[in-house]
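Enquirer: For the sequence shown, the residue numbers in my numbering are 32 to 416.
Sharing a structure here in structure tokens format.
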Amino acid sequence: MKEQSIYMQIFNDIKDKIASGTLKAGDNLPSEAELCKLYNTTRSISKRSLDLLADQGYIVKQRGKVSFVRGDLPSDLRKTIGLIITDFSDAFGTKLIYSIEKHCADLGYQFVLKRIGDQSNGEDEAIDSLSNAAGILLMPLHGEFYNLKILQLIFNKRALVFMDRKMRGLAAPTVSSDNFAAGEEGLEYLLNLGHRNIAFFSGPINFNSSVEQRLLGFIQGFAKNGVNHNPAFICQDLSIIRNWPHYSTESFFSDVKVAAKHLTKHPEISAAFASDYYMALTVKAAVESLNRRIPEEFSIITVDYPHVLTGNPYFTHLQQNEYVIGKEAVTSLHRIITQSDPSPAEDILIPMKLITGDSTMSRADSHQSAAKHPLPAYKVRDKER
């Protein structure tokens, strides 16, 4: 083994023992000579490892005396909860982070936020960076397969709570919105307005996705209400990557063209369930590019919407209760950390709230209004002007 590897192995092994509580404040460490025997290395390498531990504040190293663990450990070994999240916006995430930070503080935890975007290597790096945290709240990337780092967290019995989506088959609790019920409720709302030819717009739907549950609830809603469902109305060809710089104006209008092509192929569609707010913006632009008026000729319902201070929101939407999700996630993680939860793998589903906006209208009212109030069409641009 190379000297650099041995030197870091000694450093990390001792640091991990301090983090886990195996070595507590005031405990003596092995001497340089003892470390030489334990790791089959030289005195200079063991000394270098202890020097680094002292420099970073983990131990007190005294010349000619035994080293010991500091009483005032550095911040990364204090009581910390880390949140790993793909991204956040005013539509979803900002209030969630506020709630998590508040409830961490209430329970005496420091809060560390790791935003990873849509990159799997970012998820790996974030998990590694929280190796000393008391617990982790994880909103995993959408994907067909489980991340090896996540499986290692489960195997090592780390305090872990999933958020937003259920990781089936893994022994860790999930706190999320009831996406299946939201899919049902949104579809039933459109059915009650008189719509029957209803599309569902999303990006590619992967295993364990929250959007997968919304689609399943959407499909179940047809059966539950005795209405035939046409699978051809489902469009899963839009982009799921919304993070700058990966998503641009050009990407948006490319998605608009995809949605418009789907609606042109199925002109009988009169309403759509968009899987999230940004999908709804895409569908709105596509509908208007086809000279169809919203809501007079086409209704749109979605999930989440940026907070508005006055008036109605534009989109009728199902709003996730971010504050409650954050509170329940921190509370569940705290129970696991303190080993006071007898059923740590229990899942918690938080209901969404239906909020009526200006993007939906009953079919009876829309037929009357469309003839009276024609509006100019919105034109699709190939790129930003």
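We put the beta carbon where it would ideally sit given N, CA and C, even for glycine.
So leucine 321 and threonine 295 are in contact, right, with Cβ under 8 Å, and what is the actual spacing, rounded?
Expert: 7 Å
Enquirer: State yes or no: is the C-beta of tyrosine 89 nearer than 7 Å to some heavy atom of the ligand GTP?
Expert: Looking at this structure, you won't find the ligand GTP or any other ligand, since it has none at all.
Enquirer: What is the rounded straight-line gap between the Cα of serine 77 and the Cα of serine 160?
Expert: 24 Å
Enquirer: Any chance you could list the beta strand (DSSP E) runs of at least 3 consecutive residues sitting entirely within the segment 108-183, in chain order?
Expert: 111-116, 141-146, 166-169
Enquirer: Compare the beta carbon distance of threonine 72 and isoleucine 112 with 8 Å and say whether it is the shorter of the two.
Expert: no
Enquirer: For alanine 360, is the classification buried or exposed, using 16 other Cβ atoms within 10 angstroms of its Cβ as the cut-off for buried?
Expert: buried
Enquirer: Tell me the residue span of the beta strand (DSSP E) that contains isoleucine 229.
Expert: 229-232
Enquirer: Are the segment 223-232 and the segment 302-317 in contact at 8 Å, needing three or more beta carbon pairs?
Expert: They touch, by the three-pair rule.
Enquirer: Exposed or buried, what is arginine 199 when buried is set at 16 or more other beta-carbons lying within 10 Å of its beta-carbon?
Expert: exposed
Enquirer: Quick one: Cα of proline 373 to Cα of aspartate 82, how far?
Expert: Bear in mind that the predicted position of proline 373 carries a pLDDT of just 46, short of 50, making it too unreliable to give a figure here.
Enquirer: Nearest to leucine 380 by CA position, among Asn343, Ile368, Gly357, is which residue?
Expert: Gly357
Enquirer: Hey, quick one: how far does the alpha helix (DSSP H) through serine 363 stretch, first residue to last?
Expert: 353-368
Enquirer: Can you tell me which residues form a DSSP beta bridge with serine 80?
Expert: Answer is none; serine 80 lacks a bridge partner.
Enquirer: Between aspartate 335 and alanine 122, which are expected to be in contact by the criterion C-beta below 8 Å, what is the C-beta distance as a whole number of angstroms?
Expert: 5 Å
Enquirer: Cα separation between isoleucine 90 and arginine 366?
Expert: In this structure, the alpha-carbon of isoleucine 90 lies about 30 Å from that of arginine 366.
Enquirer: Any chance the segment 236-252 sits against the segment 203-215, with 3 or more Cβ pairs inside 8 Å?
Expert: yes
Enquirer: Flag this pair as yes or no: are the beta carbons of alanine 418 and leucine 312 separated by less than 8 Å?
Expert: No information on residue 418 is available, as it lies outside the stretch 32 to 416 that the chain covers here.
Enquirer: So alanine 386 and glutamine 351 are in contact, right, with Cβ under 8 Å, and what is the actual spacing, rounded?
Expert: The question names alanine, yet the displayed sequence has isoleucine at residue 386. The Cβ separation is near 11 Å, so there is no contact.
Enquirer: Should glycine 217 go down as buried or exposed, given a rule of 16 or more other Cβ atoms within 10 Å for buried?
Expert: buried
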